[in-house]
Amino acid sequence: MRILFMGTPEFAVSSLKKLEEEHEVLAVFTKIDKPNQRGKKIQYTPVKQYALEHHLEVLQPNSIRDIEVIQKIRDYHPDLIVVVAYGKILPKEILGIPKYGVINVHSSLLPKYRGAAPIHASIIHGEKESGVSIMYVVEELDAGPVLAQASVEILEEDNCASLHDRLQQMGANLLIETIRNMEKQQIQAIPQDEVKATFVKPFRKEDCKICWNQSAREIFNFVRGMDPFPGAFTIYQGKQFKIARVEEEKGGRLQGKAGEILSYVKGKGVLVATGSGNVIITKAKPENKKMLSGVDLINGNFLQEGEHFE
1 MRILFMGTPE FAVSSLKKLE EEHEVLAVFT KIDKPNQRGK KIQYTPVKQY
51 ALEHHLEVLQ PNSIRDIEVI QKIRDYHPDL IVVVAYGKIL PKEILGIPKY
101 GVINVHSSLL PKYRGAAPIH ASIIHGEKES GVSIMYVVEE LDAGPVLAQA
151 SVEILEEDNC ASLHDRLQQM GANLLIETIR NMEKQQIQAI PQDEVKATFV
201 KPFRKEDCKI CWNQSAREIF NFVRGMDPFP GAFTIYQGKQ FKIARVEEEK
251 GGRLQGKAGE ILSYVKGKGV LVATGSGNVI ITKAKPENKK MLSGVDLING
301 NFLQEGEHFE
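Residues in the sequence shown are numbered consecutively from 1, following our numbering.
The following block contains the structure:
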């Protein structure tokens, strides 16, 4: 097939790579370049970096709705447009251009977790499984009929990064399988159940703050769902304190107010009370310091017993 690809982050790269192996990728659309975290050097999107390395044409329009951009898409005469985490909503004028329509790879089992951060949300909400969906793109966000789905177990040791990597590869494989079935006309699009639809908004900074009134299990899921980006944090002695990993304490007897630092756990980290049960901080980053293990937190005397997180 003659395919136009639209994607931006690392999650989209595996799909682009698979498409290039089996199809003609006419061009790649990605979001505009931005400065890196230090704000100095312009950083290419992962999709642009891959496309340039493989001599693919790259387009980065400020607006995908411009008349000139839409006409350029028409001029490619694509059979199919594939969207993977592009970060822009396509207008209806584009949706009708390709012979086979516009399809999207989404990292959740739709209709659950439509929107911006489905991988984070599935872990934070304590789901036992996640997955990927291939669906037609319609004007409403992530609401199109589903062509294919595949699921994967969320493991206790998973964080956002590890689940992301599994879903990235799963999505790429399912995309290729779906396109093959589309070519053979051996596929059926199933409408989503709107009653079961849930939505995930982009995270704001305040959404990343730990609520110590939650249970130990909820905080465990929240921290790993936010790791490594954007990262969960709390406030200690007026300063931001990032927490990258916690464990639920098993069979503990110490009790305290939610957010209270109860004790040090030898060889592990720092014990903190929650709304129900306790957690052990095993990896964290004090403000203006490097990421530290729980043992280093103890040895460096970064947290004091009896103090409280806000």
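Think of the CB as a built atom: it goes at the ideal place given N, C-alpha and C, for glycine as much as any other residue.
Because the structure is a prediction, the values reported are computed rather than measured.
The beta carbons of Arg114 and Ile97 sit no closer together than 9 Å. Excluding its 5 nearest sequence neighbours in each direction, Ala27 has C-beta neighbours in its own chain below 8 Å: Leu4, Phe5, Leu56, Glu57, Val58, Leu59 and Tyr76, listed in chain order. Taking Pro191 as the centre and dropping the five residues before and after it, the same chain places the C-beta of Pro145 closer than 6 Å to its C-beta, in chain order. Every alpha helix (DSSP H) of 4 residues or more that sits fully in the segment 87-159 is shown, in chain order, as 92-95 and 118-124.
Ranked by Cα distance from Met135, the options Glu305, Leu297 and Leu174 are led by Leu174.
Separation of the CB atoms of Leu292 and Leu271 is rounded to 16 Å, and the pair is thereby denied contact status at 8 Å.
Met226 has no beta-bridge partner at all, per DSSP. For Tyr264, the enclosing beta strand (DSSP E) begins and ends at Ile261 to Val265.
Counting along the chain, the unbroken beta strand (DSSP E) around Lys285 starts and ends at Asn278 to Pro286. Going by DSSP, Ala258 is part of no alpha helix (DSSP H) at all; its letter is neither H nor E. DSSP, reduced to helix, strand and coil, places Gln188 outside both helices and strands of the structure shown, so it counts as coil. Among the bridge pairs identified by DSSP, Leu4 is matched with Ala27 and Ile81.
In the three-state reduction of the DSSP assignment, Glu21 falls in the helix class.
Sixteen is the threshold: when 16 or more other Cβ atoms of the shown chains lie within 10 Å of the Cβ of Asp79, as they do, the residue is buried. Under DSSP, the beta-bridge partners assigned to Pro35 are Ile42. In the three-state reduction of the DSSP assignment, Ala51 falls in the helix class.
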